[in-house]
Structures are given as C-alpha cells and as structure tokens.
Amino acid sequence: MATFTWYLQGSTPTTIGATDKLQFANGVFNGKITVGEYNDSTHVKSSTGEDLSASNNPNNVKFISQSGGGGGASQADWGDGTEDLDDMENAEATLKINFSDEASVITEDAVFYAYDGTTPATPPTDITIVAAEVGDTNFTEIAGSGSPLEIADQSASTSHNYYIAVSASPDAVGAKAGKVRFELTYS
Amino acid sequence: METQIKWTASLSNGETVYENKGDYKIIKGELSPWQRLLKYLDKQGVRITSLSLYTDNGKRWNLPSAGKNPKFKVFCDAEQPIGYKFFRKMGADIIGGEIIKEEIFAVAEADYKNKKLQIWVSEKNPDVCWSVVI
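The listed protein sequences correspond, in order, to chains A and B. All residue numbers for the first sequence refer to my numbering, where the first residue is 369 and numbers rise by one. All residue numbers for the second sequence refer to my numbering, where the first residue is 6 and numbers rise by one.
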C-alpha cells in the first residue's frame with residue numbers, strides 16, 4: 369500500500385505526523401509574523417503544543433520577491449541572504465514529501481495547494497502562501513485547488529521524493545490556519 | 006495492507022488479465038502490474054478492449070467496452086472508447102488541528118476523442134465510488 373511521509377527539513381528532518389501542525393513564525397517558535405511580512409522560521413508543532421523541531425535546526429525559506437532575481441526569477445532567503453529561487457538545492461527546501469509503494473510506479477499530475485481547510489477550491493482566509501518545487505524559477509501563490517503548484521512527473525521507482533519551498537504571510541491580524549494538500553497519480 | 010481495488014483488462018488478442026494474478030502479480034520492488042501490462046501491449050502490438058475494477062469478494066465496476074459484439078442496441082450505437090488507462094490517486098493534508106488521513110482511489114479511465122470517463126473507487130471503502138466525465 370502506498371504511503372506519504374512529510375518532513376520539515378533541517379540538520380535532522382522532523383517528521384510531520386497526522387496531528388502535527390507546520391508553523392510559520394517570526395524567528396521564534398509561536399512568534400507572531402507582522403502582517404504583510406513573511407516567515408523567519410518554520411517549526412513542527414505537536415497537538416499538545418510542543419516544538420517537535422526544536423533540536424533539528426529546521427530549514428526556513430522566506431519569500432523576498434516574485435520576479436526581482438536574474439531573468440525574472442523569484443527571490444528568497446533560505447539562510448544565506450537573498451538568492452534566486454532556481455539556485456535552491458533539494459536539502460535547502462522547506463518540505464520533503466516522500467511517496468512510496470511496494471511496486472515500482474510512475475507518478476504524474478502531482479499538485480500542492482493551500483485551502484481553507486473545508487473546501488479545496490477556497491483559498492485560506494487572510495493568509496498568503498507561496499510555494500515552489502526545487503528547480504522552479506518562480507513561486508506559485510497556492511490559493512486553492514484552482515491555482516496549485518504543479519509538481520514534475522517522476523519515472524518508475526518504489527520511492528519518490530518531492531522537495532518544496534513554502535513561505536507564508538498573514539494578511540490580517542490574528543492566528544491564521546488552513547491546510548495544504550498534496551495529490552498525485554501513480555500507476 | 007494489500008490493495009483491494011484491482012484492475013482487469015480484456016485484450017484484442019483474446020486474453021483477459023488481472024492485477025495481482027498470473028503475470029501481473031504485485032511483486033515488491035518490481036515494476037507495477039499496470040506498467041508491465043503497458044510494456045506487454047507495446048511489445049505484442051495488442052490493445053485493451055475493456056477495462057474494469059474489481060475486488061476479490063465479487064464487486065466489479067465496468068467501463069464502456071470497445072469490443073465488437075455488444076448485445077444491446079444502445080451499446081452497439083454508443084461511441085466506443087479509443088483507449089483505456091488505470092491509475093491510483095492519492096491525496097493527503099497537513100497543517101491545522103484536524104486529522105485528515107490519506108485517501109487513495111483506484112481510477113479506471115476510458116478515453117474518447119474529446120473527453121474521458123473515469124470511475125473512482127475508494128481503496129478504504131469500495132462503497133464510496135464516483136464517476137466523472139472530464
């Protein structure tokens with residue numbers, strides 16, 4: 369049977385369990401991001417409020433600009449100052465999503481998008497989330513199933529890894545939450 | 006856990022083949038049965054004439070056939086698929102306090118000139134099934 373495993377990457381990856389939250393913060397666990405700014409840290413928060421990634425030096429990718437880089441590339445800061453998005457390497461992305469199956473399968477039509485937690489077509493309320501697959505030139509604003517990040521197809525294997533950079537910004541005051549969803553076809 | 010929704014296909018050379026039976030058993034680490042079938046079709050120059058989903062306890066979901074001898078007029082007159090495809094669709098959520106478990110559907114697809122007909126059956130509960138034209 370196929371399985372997904374989600375990791376927040378870092379010096380050591382932090383597995384994101386079914387009841388855990390991926391938290392974007394201002395550089396400190398539970399720290400509030402100013403409206404209109406993007407995350408300075410990313411964490412995994414347990415259902416009991418614990419910082420599960422505290423000792424793993426988790427990666428953070430901060431959106432800087434949509435097209436200010438070379439050749440119109442997006443820019444982001446993943447710890448070394450502002451860089452063009454297409455210079456990011458797999459280990460520098462926010463998330464690693466592993467898909468595995470007992471048989472060797474191809475994967476196609478994978479998409480990654482954020483929604484309000486109830487209706488896939490509805491964007492999260494009062495939060496802007498951008499994402500990119502490593503190798504992409506520009507970020508995609510993943511606002512509901514109508515504007516997903518499209519992930520490249522992969523050839524036959526029993527294990528597939530997808531490296532995704534994610535950055536979030538509140539559009540209004542208060543704690544913001546939604547869901548991100550990953551879908552793929554395999555055969 | 007073994008997959009419970011599987012495909013079966015009739016071929017233009019008269020063979021009927023089943024996922025996880027005979028040459029198409031699911032073998033750990035080896036190419037999936039569907040990919041092996043595609044290779045076989047290409048090598049032998051045969052095509053799929055019908056595709057269904059089934060369970061070992063007798064449930065079955067059939068796509069329209071591309072066979073030559075349907076028994077009722079409506080099937081004789083109906084447009085026939087020009088191709089078939091099988092895949093599984095998996096989705097999962099993260100972020101937020103709600104626990105959303107992974108969902109997997111087995112999907113059989115009949116391709117027409119300008120549209121596709123898909124049958125979706127849930128791996129976890131085969132009573133949950135849908136059809137869609139796209």
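By construction, the Cβ of each residue, glycine as well, lies at the ideal position given by its N, Cα and C atoms.
Less than 7 Å between C-beta atoms, sequence neighbours within five positions excluded: which residues of the same chain meet that for residue i?
i         : result
Asp469(A) : Ala370, Thr526, Tyr554
Val479(A) : Pro516, Leu517, Glu518, Ile519, Glu551
Glu128(B) : Thr8, Gln9, Ile10, Ile109, Phe110, Ala111
Val126(B) : Ile10, Leu58, Trp66, Phe110, Ala111, Cys134
Once you ignore the five residues that flank residue i on each side, which residues in its own chain have a CB closer than 6 Å to its CB?
i         : result
Lys544(A) : Asp494, Ile495, Pro538
Leu68(B)  : Leu56, Ala113, Ala115
Ser442(A) : Gln434, Leu453, Asn506, Phe507
Asn502(A) : Looking at the sequence itself, residue 502(A) is Val, so the reference to Asn does not match. Taken in chain order, the residues that qualify are Met456, Asn458, Ala461, Tyr531.
Tyr23(B)  : Thr13
Might you give, ordered along the chain, the residues of its own chain that have their beta carbon closer than 8 Å to the beta carbon of residue i, omitting 5 neighbours on each side?
i         : result
Thr387(A) : Ser414, Ser415
Ala540(A) : Val403, Asp494
Ile104(B) : Annotation note: pLDDT 44 at Ile104(B) (below 50); position unreliable, coordinate value reported separately. Correct list: empty, nothing qualifies.
Val396(A) : Ser409
Pro131(B) : Gln9, Ile10, Thr60, Lys64
Leu16(B)  : Val22, Leu46, Val51, Arg52, Ile53, Thr54
Along the chain, where does the beta strand (DSSP E) that runs through residue i open and close?
i         : result
Phe80(B)  : Here Phe80(B) belongs to no beta strand (DSSP E); instead the alpha helix (DSSP H) covers 78-82.
Trp125(B) : 121-127
Arg41(B)  : Unbroken run through Arg41(B) is the alpha helix (DSSP H), 38-49; no beta strand (DSSP E).
Pro538(A) : 522-538
Lys544(A) : Run containing Lys544(A): none; DSSP gives neither H nor E here.
Ser55(B)  : 53-59
Gln443(A) : 443-445
Ser15(B)  : 11-16
Ser568(A) : Summary: the structure shown does not reach residue 568(A), with chain A confined to residues 369 through 555, and so no result is reported for it.
Met95(B)  : 88-99
Val396(A) : Segment: none, Val396(A) is in no beta strand (DSSP E) and carries neither H nor E.
In chain A, what lies closer than 9 Å to residue i by C-beta?
i         : result
Lys94(B)  : Asp477, Glu551, Leu552, Thr553, Tyr554
Leu144(B) : Here chain B has residues from 6 to 139 only, and residue 144(B) is not among them.
Lys33(B)  : Glu470, Ala471, Thr526
Gln40(B)  : Ala471, Ser472, Val473, Ile474, Ala524, Ser555
Phe91(B)  : Ser555
Rounded C-beta distance between residue i and residue j? I'm assuming under 8 Å.
i         : j         : result
Leu376(A) : Ser409(A) : No, Leu376(A) and Ser409(A) are not in contact; Cβ-Cβ is about 11 Å, not under 8 Å.
Listing by chain order, which chain B residues have their CB less than 9 Å from the CB of residue i?
i         : result
Phe507(A) : In chain order: nothing, as chain B lies at least about 18 Å away.
Using a cut-off of 8 Å between C-beta atoms, extract the partners of residue i located in chain B.
i         : result
Phe372(A) : Met95, Ala97, Glu107
Chain B partners of residue i, CB-CB under 7 Å?
i         : result
Ile384(A) : Ile99
So, is the C-beta of residue i closer than 8 Å to a C-beta in chain D?
i         : result
Glu107(B) : Considering every chain present, this structure includes no chain D. Its protein chains are A and B.
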